[in-house]
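Chains as they are written, first to last, in the numbering used here: chain A, 32 to 283; chain B, 20 to 567.
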Amino acid sequence: MSPEFPKKVRSDLNPSRVLTFRIDGRDVSARADESILIVARQNGIAIPTLCHLDGLSERGACRLCIVEIKGSARLQPACVTYPRQDMEVVTTSERVVAYRRKILELLFTERNHVCSVCVSNGHCELQDLAVELGVSHVRYPYLYPGYPVDASHERFCVDHNRCVLCLRCVRVCDEIEGAHTWDVMGRGITSQVIIDLNQPWGTSETCTSCGKCVQVCPTGALTEKGRSVAEISRRRRFLPYLQMMRERRDER
Amino acid sequence: MILHSEDLHRIARDEQDRRDGFRHQVHVCMAAGCLSCGSGEVKQALEAEVARRGLAGRCQVKGVGCLGLCAAGPLVAVDDGATRYQGVQAADAAAIVDALGGSPVERLRCSGDMAFFQRQTRIVTENCGRIDPERIEEYIAAAGYHGLHRALTGMSRQEVIDEVGHSGLRGRGGAGFPAGLKWTAVAKAGDSLKFVICNADEGDPGAFMDRSVLESDPHRVIEGMAIAGYAIGASQGFIYVRAEYPLAVKRVRHALAQAERLGLLGNGIFHTPFTFHIKVRLGAGAFVCGEETALIASIEGRMGRPRPRPPFPAEFGLWEHPTLINNVETFANVAPIIRNGAAWFSAIGTEKSRGTKVFALAGKVVNTGLIEVPMGTTLRDIVFEIGGGIPGGRRFKAVQTGGPSGGCIPSQFLDMPVDYESLAQVGSIMGSGGMIVIDDSACMVDVARFFMEFCMTESCGKCVPCRVGTRQIHDLLARITAGQATPADQATLEDLCDLVRHTSLCGLGQSSPNPVLTTLKYFRDEYHAHIHERRCLAGACSAAGEVV
Ligand SMILES: Cc1cc2nc3c(=O)[nH]c(=O)nc-3n(C[C@H](O)[C@H](O)[C@H](O)COP(=O)(O)O)c2cc1C
Ligand code: SF4
Ligand code: FES
């Protein structure tokens, strides 16, 4: 089954239109096809994100980037919401910040994110988000699922206990590498990323061992073997490279 | 080929003549419910009995769609409902044939004969139980395809949209969005390629309205879709129906083939330039595939997961083209509206909720089955008049509407009119039409837990609040029913409900807390008893009971 994300860019947005709106009381200008998230970043306004990654299609799934839009009761994810003329966006209201914190706490309860024993300790986006959002304790019970670790690939390792189901690996593999080795299986709380037809990574015939999935993984779920805590830093400059690759592909 | 209204009239006349040739009509329900308890054999036995007595030319035995009182099947209706029999077995055939024209067989007569059948108003189900769903001629004889003819030959697209708009018809798939507005949006979208989709994914536990309509009167839905296609400028439609409904799928396919053969679907319908084709797509039965963006993804061959809206399908739908997506029952109302006019339709129901609604009445009520009532009918009328009240000397406790996205409505609202606004006001929703009656033997915390379990297992897992939140809420409810929860757990429960409701991506997550929120609101004492006294007021939760 092909993945859930539509391939093409949003054809309903007109990139030649420019408009102005407000974020946190500041006047900003935007092209109609730039999301609120992009425009906020251009203006130095940080909005927490997890499933978003520059260069990959958007999912609007982690819900950490939710913002308030004045006049609308519904909270909207900034990564997939596009500005309208004179819209007023609030990114740090008490309500939104509290929700973000709780969503992050839910993520912490879902699998086993024990930083002290994780190879990504210190280089983990989940950890960074917890610091950024001031999550110091989790108010919901931990679910403690016992997921397997697959170390069958000669260079890489996947530990499902640390997966946050952002599906960056699935997207980078499909959209950039074109291998479509990764996919998701199951639904709801039993969802899991899988290799090909749910087989050990080492037996995959589609995997090109390019390592892009490992580079984009926000946590310690996908790692390179033989790297210790200090060594595992992700090559962040890899991300603009992805973006470039993607733009080139779109032009084709 | 049918090219003119005369052709329709001729078929209708022939059908009437055929019918008039019989002195008696014996209708046997051949919808899934009755079929499963043996109505197929009953029909065969009746046919054999009629043939044996040489009455074949005078008495017609006919398979029809749903007769409504599904729990009492197999059902047989004689002479257009003059007499109805329930629980009929093949062995009863002789007695039924004996009684034709005389006094009915008392031991088989429907107990619910009176109010159950008389208090209903049938638009969507007007042909259910009256026509053979496998014969297009019978649908045509019941004024079928006259609406399509009228739209194509006598009305502009805008006039058709206006008619639907003025009728006040609102979407019957859950949210109640005005159909006319949606049609206008798709009609206005600037794209030469557009699609019509009929949502027949019906996934609420216990709901079977759409299945019944498709099984009993498939042409009505096809005609509604064709009229919609004309109005919005689409020439291709899809019916997305769940694979678990094999009979509905079979009847729809059969009906599509008949309509194509007569030229009521295809190129140049009724000698006009209008072309319309319909394909069937099967859903694999995930509840979330009923959500419109997930359904569209599924038709496209992608994974059936919702995506954020906007953009809405009206603008950016199937294969990125403007797409009209309506529910089965919504489309089923269209032909009668075009045939009889908006004024006729809007005279039924309440000011903001026009027309009728079909409900699948289930749970602790005497007459369970499929009913259609005018919007605004009170819950009391539905449960106690049509439904015949609560069986076993038990007391009414609540009625659950809207399935896992809806809420539990307590007895103080029994006199509330059933319409979109009133239901929303008490924290529930109309939903697609599931209505489950709950008596005093049920624990409301456990009812909430049941629905949360459904949402937890049906969550697609895409967004975090729904994926993890429904599981956490479910676990908390299970703790409460087990008598192991603390007051802090109840606070956490309310806090999580608020989070999931306001931050989930699609309607499944957003509405999943409704059963919890309404039971917390109206049956708070039950939560309190479980938590503070380790006691289940209904005596239903055994674990909680032990402590007492
Ligand atoms: C989780 C979920 C499940 C749904 N399931 C159904 C369904 O089974 N049938 C249906 O008609 N609409 C369903 N809907 C509503 C559809 O998304 C859509 O609103 C509807 O088909 C529009 O038709 P209407 O305007 O005629 O009601 C569902 C929505 C959600 C969020
Ligand atoms: S709310 Fe639930 S069903 Fe809807 S997208 Fe999120 S996880 Fe999937
Ligand atoms: S970054 Fe926007 S929803 Fe995840």
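Quick reminder that beta carbons are idealized off the backbone N, C-alpha and C, glycines included.
All values reported here derive from a predicted model rather than from experimental measurement.
Could you spell out the range, first to last residue, of the beta strand (DSSP E) harbouring residue i?
| i | result |
| --- | --- |
| A/Lys-243 | Per DSSP, A/Lys-243 belongs to no beta strand (DSSP E); it is in the alpha helix (DSSP H), 243-247. |
| B/Tyr-259 | 255-261 |
| B/Asn-346 | 342-346 |
| B/Thr-375 | 375-382 |
| B/Met-454 | 453-458 |
| B/Tyr-104 | 102-104 |
| B/Pro-265 | Premise fails: B/Pro-265 lies in the alpha helix (DSSP H), 265-280, not in any beta strand (DSSP E). |
Do residue j and residue i come within 9 Å of each other at the CB atom, strictly closer than that value?
| i | j | result |
| --- | --- | --- |
| B/Asp-91 | B/Gln-105 | Inspection of the sequence shows that residue 91 of chain B is occupied by Ala rather than by Asp. Yes. |
| A/Glu-255 | A/Cys-188 | yes |
| A/Arg-53 | A/Ile-76 | no |
| B/Gly-459 | B/Arg-413 | What sits at residue 459 of chain B in the sequence shown is Asp, not Gly. Cβ atoms of B/Asp-459 and B/Arg-413: closer than 9 Å. |
| B/Ala-194 | B/Ile-492 | no |
| B/Asp-236 | B/Thr-144 | yes |
| A/Gln-223 | A/Tyr-178 | yes |
| B/Gly-100 | B/Gly-148 | yes |
| A/Ile-67 | A/Tyr-113 | yes |
| B/Met-463 | B/Glu-334 | no |
| B/Ala-245 | B/Leu-188 | no |
| B/His-85 | B/Ala-112 | Sequence inspection shows Cys at residue 85 of chain B; the His mentioned does not correspond to that position. No. |
| B/Ala-247 | B/Trp-202 | yes |
| B/Ile-344 | B/Ile-251 | no |
| B/Val-12 | B/Val-47 | Lying before the first or after the last residue shown, residue 12 of chain B is absent from chain B, which here runs from 20 to 567. |
| A/Lys-243 | A/Cys-204 | yes |
| B/Ala-134 | B/Glu-404 | yes |
With 9 Å as the threshold, decide whether the Cβ of residue i is near any Cβ in chain A.
| i | result |
| --- | --- |
| B/Ser-523 | yes |
| B/Glu-334 | yes |
| B/Met-475 | yes |
| B/Met-20 | no |
| B/Pro-534 | no |
| B/Ser-424 | no |
| B/His-23 | no |
| B/Gly-488 | yes |
| B/Leu-74 | no |
| B/Glu-339 | yes |
| B/Lys-416 | no |
| B/Gly-480 | yes |
| B/Gln-491 | yes |
| B/Asp-494 | yes |
| B/Pro-224 | no |
| B/Thr-511 | yes |
| B/Arg-261 | no |
| B/Val-385 | no |
| B/Leu-518 | yes |
So, is the C-beta of residue i closer than 9 Å to a C-beta in chain D?
| i | result |
| --- | --- |
| B/Glu-440 | Protein chains A and B are contained in the structure displayed, whereas chain D is not. |
Please confirm whether any heavy atom of ligand 5 lies closer than 8 Å to the CB of residue i.
| i | result |
| --- | --- |
| B/Pro-237 | Summarising the ligand content, the structure contains ligand 1, ligand 2 and ligand 3 and does not contain ligand 5. |
Taking 9 Å as the CB-CB limit, is residue i close to chain B?
| i | result |
| --- | --- |
| A/Pro-46 | no |
| A/Pro-172 | yes |
| A/Gly-219 | yes |
| A/Gly-91 | yes |
| A/Asp-190 | no |
| A/Asp-227 | no |
| A/Asp-43 | yes |
| A/His-168 | no |
| A/Val-245 | no |
| A/Ser-222 | yes |
| A/Tyr-130 | yes |
What residue range is occupied by the uninterrupted alpha helix (DSSP H) comprising residue i?
| i | result |
| --- | --- |
| B/Gln-623 | An answer regarding residue 623 of chain B cannot be provided, because it is not within the stretch 20 to 567 covered by chain B. |
| B/Asn-533 | 533-541 |
| B/Phe-364 | 361-365 |
| A/Lys-133 | 125-141 |
| B/Gly-184 | 176-186 |
| A/Leu-160 | 156-164 |
Problem set entry | Sequence-ordered residues whose beta carbon comes within less than 6 Å of a heavy atom of ligand 3 | The answer, residue by residue, is A/Thr-80, A/Leu-81, A/Cys-82, A/His-83, A/Gly-91, A/Ala-92, A/Cys-93, A/Arg-94, A/Leu-95, A/Cys-96, A/Pro-108, A/Cys-110.
Problem set entry | Short-range partners of chain A found in the segment 293-323 of chain B, where Cβ spacing is below 9 Å | Taking 9 Å as the cut-off between beta carbons, the residues of the segment 293-323 of chain B near chain A are Ala-305, Val-307, Ala-313, Ala-316, Glu-319, Gly-320, Arg-321, Met-322, Gly-323, in sequence order.
For this session: Check each residue of the segment 133-149 of chain A: if its Cβ is closer than 7 Å to any Cβ of chain B, include it; give the result in chain order.
Result: The residues in question are Lys-133, Ile-134, Leu-137, Leu-138, Thr-140, Glu-141.
For this session: Output, in sequence order along the chain, the residues in the segment 94-120 of chain A whose CB is closer than 7 Å to any CB in chain B.
Result: Using a CB distance below 7 Å, the part of the segment 94-120 of chain A facing chain B consists of Arg-94, Ile-97, Leu-106, Pro-108, Val-111, ordered along the chain.
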